[in-house]
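Taken in order, these protein sequences are the chains called H and B. Under the working numbering, the first residue of the first sequence carries the number 420, and numbering increases by one thereafter. Under the working numbering, the first residue of the second sequence carries the number 420, and numbering increases by one thereafter. Where is the CB? At the ideal position from N, CA and C, for every residue including glycine. Just so we're clear, the structure is a prediction, and the values are computed from it rather than from any experiment.
Protein chains: 2
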Amino acid sequence: MRLDFAKLDGLVPAVIQDFGTGRVLMVGFMNEEAFRQTVETGFATFYSRSRGKLWLKGETSGHRLAVREISTDCDEDTVLVRVDALGPGVCHNGYRSCFYRTLRDGRWDVGEERAYNPKEVYGGQA
Amino acid sequence: MRLDFAKLDGLVPAVIQDFGTGRVLMVGFMNEEAFRQTVETGFATFYSRSRGKLWLKGETSGHRLAVREISTDCDEDTVLVRVDALGPGVCHNGYRSCFYRTLRDGRWDVGEERAYNPKEVYGGQA
Chain H
420 MRLDFAKLDG LVPAVIQDFG TGRVLMVGFM NEEAFRQTVE TGFATFYSRS RGKLWLKGET
480 SGHRLAVREI STDCDEDTVL VRVDALGPGV CHNGYRSCFY RTLRDGRWDV GEERAYNPKE
540 VYGGQA
Chain B
420 MRLDFAKLDG LVPAVIQDFG TGRVLMVGFM NEEAFRQTVE TGFATFYSRS RGKLWLKGET
480 SGHRLAVREI STDCDEDTVL VRVDALGPGV CHNGYRSCFY RTLRDGRWDV GEERAYNPKE
540 VYGGQA
C-alpha cells in the first residue's frame, strides 16, 4: 500500500466522501503516520498543518469518520476515503459537509442549513 | 469568490466529482489563474506541478471536464468541482476515474476494467 508522500512535503491530500450519499465531506492531509493510523484504527486521522500534529477527526466533537473503503489515484499521491460519518456534521462550522458554499454569480453562497450548533459541540471556539 | 492560496504555495487542491454519478474522478491543483480560467471557460484547468504551467484537462485527449458546479470548503483552501466528464475516461491510464485502485489486505487492487486504450489516445507516452 505504497503512497508517494514526497510531492507535498510528506503529505497526501485525503478526500473524504460519504459512503452512502456520495457527498464529498471534507479534504484533509495525511502524513505516513496518519495514513497508517487511519488504516489500522478504521477512523480517519489527519495531519494538522496548523497544529503540526496528528488529528483524529472527531476527537473533540465525537463526529468520527468510520472508514468503509480507501482508494488511491494513478500517481499514488492522493487518497480517497469513503466513510460513514458519525454525528450530525463533519464541518466545524455546523454543516454536514465542509463544502457548504457554492459559486453563484461570482460569490460563495451558502446553500443549506446547519446540521448542528457548533457552539454546543466546540464551546466558544466555533 | 475569494480563495486562500497561501497555505499551499499558491495552490488549492481541486477535487473533481462526476455530477451525474457522484464518483470522485481525480484531484488536481489550481493556482489563482487556473481557477479563474476554470470559472471563465467552464472547463477544468489545473496547474501542473511537474510541468510548471497551466494545464487544460483534455487538451491532448479531448477528455475535458465541463463544469457544472463549484464549491469551496469552510477554510476556503480547497475547491470541489462537479463536472460532466467528456470522453470515456478521466485517467491517463485508461480508467474512468484516477481512483481505480482500492486497498484490500494491505495492497492496492485494481477493481475495474479500462474504459479506453490510453495508447490510442496518448500515443507511446501512456
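Asked	Found
Assumed close pair T497 of chain B, V446 of chain H - CB separation to whole angstroms, cut-off 8 Å	5 Å
Status (buried if at least 16 other CB within 10 Å, exposed otherwise) for S469 of chain B	exposed
C-beta neighbour in chain B for D503 of chain H, strict 8 Å	no
Per-residue burial, T479 of chain B [other beta carbons within 10 Å of its own, 16 or more giving buried]	exposed
Selection from B:V540, B:E539, B:L522, B:G508 that minimises the alpha carbon distance to R533 of chain B	B:G508
Supposed contact pair F518 of chain B and V443 of chain B - C-beta distance, whole angstroms, cut 8 Å	6 Å
Simplified DSSP assignment, three categories, for L475 of chain H	strand
Any alpha helix (DSSP H) of 4 or more consecutive residues that is wholly inside the stretch 420-471 of chain B	451-460
CB contact flag (T521 of chain H, S516 of chain B, <8 Å)	no
Short CB-CB distance (under 8 Å) between A545 of chain B and chain H	Only weak support is given to the placement of A545 of chain B: the predicted model assigns it a pLDDT of 42, under 50, and the value that follows is read from those uncertain coordinates. Chain H contact via Cβ: absent.
7 Å Cβ shell around A485 of chain H - same chain, five flanking residues per side excluded	G461, F462, V502, D503, L505
Exposure of D423 of chain B, with buried meaning 16 or more beta-carbon neighbours within 10 Å	exposed
Chain B within 8 Å of S480 of chain H, Cβ atoms only	no
Any chain B beta carbon closer than 8 Å to M420 of chain H	yes
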